[in-house]
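What follows is one structure encoded as structure tokens, with my remarks underneath.
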Amino acid sequence: MAELIGYEKSTEKLGVKHLVRGIEKLKKQLGIPTTLKQAGVNTETVEKFKSEIAEGAMLDGCTATNPRVPTKKAIEDILDKVK
9 MAELIGYEKS TEKLGVKHLV RGIEKLKKQL GIPTTLKQAG VNTETVEKFK SEIAEGAMLD
69 GCTATNPRVP TKKAIEDILD KVK
């Protein structure tokens with residue numbers, strides 16, 4: 009994918025690294041928030057309802073069709089990282 013949009017891909021790892029940097033740069037240019045707090049989400053509420061949010065995500069149809077089906081714990085960990 010990196011190669012398709014013009015990033016060097018001498019190795020797969022380097023291609024991924026360049027692609028991630030390009031996406032991060034684009035997010036910054038577009039002003040896309042990188043955390044829930046930056047998006048105006050009350051992180052205390054997320055923490056309070058983290059278990060319920062993760063359970064809801066597990067029941068979502070998109071989660072079931074994801075090639076890498078996460079565990080509830082993995083979803084909770086993601087919520088912790090994006091606060």
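So the mapping is simple: this note's numbering equals the position in the sequence shown, first residue as 1, plus 8.
Positions of the beta carbon are idealized from the N, C-alpha and C atoms, including for glycine.
Worksheet item: Looking at residue 42 and residue 33, is the spacing between their C-beta atoms short of 8 Å?
Response: Residue mapping note: residue 33 aligns to position 25 of the sequence shown, counting from 1. Residue mapping note: residue 42 aligns to position 34 of the sequence shown, counting from 1. No.
Worksheet item: When DSSP labels each residue in this structure, what does residue 28 get in the three-state scheme?
Response: Locating residue 28 in the sequence shown gives position 20, where the first residue counts as 1. The answer is helix: DSSP assigns residue 28 an H, G or I state.
Worksheet entry | Own chain residues within Cβ distance below 6 Å of residue 49, not counting five before or after | The sequence position of residue 49 within the sequence shown is 41, counting from 1. None.
Fill in: Segments of 3+ residues assigned as beta strand (DSSP E) that fall wholly inside the region 11 to 89
none
Fill in: Candidates 19, 15, 47: closest to residue 90 by CA position
Mapped onto the sequence shown, residue 90 falls at position 82. It is 47.
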